[in-house]
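A short worksheet on the structure shown next.
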Amino acid sequence: MTPVGNEGYFEAYWPRGARQAPPKVLAPRLPGLAGRRIAFLWDYLFRGDEIFDVVERQLNHRFQGMRFVGWREIGNIHGDDERRIVAALPGRLKALGVDAVVTAVAA
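Laid out in structure tokens, this is it:
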């Protein structure tokens, strides 16, 4: 940034760049979570194992008949093989009968 004109005034650039890909249409929202099968996806960073335990307890308390596919069954979605794992997720989730996912990634 360079000073322009008076002291204390600087030109600045917006930190976000232009979109590199067009937005995608999201899947429709489920009408409810009771009786649904939920998968937990995690990148094995920052305490997801602890967080998912809490999330599962709270969801079970709030919605009747929920079933879960744990993060251990899905495996790490980050790392050397993440492209293959993430590319295979739609088919794998469908085969497991998953209705929705809760994703936790360290930021």
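Using the working numbering, you'd call the opening residue of the sequence shown number 1 and step up by one each time.
C-beta: ideal position from N, C-alpha, C; glycine also.
Secondary structure at residue i, three-state DSSP: helix, strand or coil?
| i | result |
| --- | --- |
| R36 | coil |
| V25 | coil |
| A95 | helix |
| A104 | strand |
| D52 | Sequence check: residue 52 is Phe here, not Asp. DSSP places F52 in helix when its eight states are reduced to three. |
| R83 | helix |
| W14 | coil |
| R67 | strand |
| L59 | helix |
| L41 | strand |
For residue i and residue j, which I take to be in contact (beta-carbon distance under 8 angstroms), what is that distance rounded to the nearest angstrom?
| i | j | result |
| --- | --- | --- |
| R37 | V86 | So it is not a contact: roughly 20 angstroms between Cβ atoms. |
| A27 | I74 | The Cβ separation is near 18 angstroms, so there is no contact. |
| V102 | V55 | 6 angstroms |
| L33 | F63 | 4 angstroms |
| W42 | W14 | Actually they do not touch by this definition, with Cβ atoms about 32 angstroms apart. |
With a threshold of 7 angstroms on Cβ separation, who are the neighbours of residue i within its own chain once the five nearest residues in sequence on each side are excluded?
| i | result |
| --- | --- |
| L30 | R36, D99, A100 |
| N60 | M66 |
| R83 | none |
Got a sec? Which residues, its chain only, sit under 6 angstroms from residue i by beta carbon, not counting five neighbours each side?
| i | result |
| --- | --- |
| Y44 | N76 |
If you measure from the CB of residue i, is any heavy atom of the ligand GTP nearer than 7 angstroms?
| i | result |
| --- | --- |
| V98 | In the structure shown, the ligand GTP is absent, as is every other ligand, since no ligand is present at all. |
>> Using 8 angstroms as the cut-off, can you tell me whether the stretch 14-29 makes contact with the stretch 39-50, which would need three or more C-beta pairs spanning the two stretches below that distance?
In response: no
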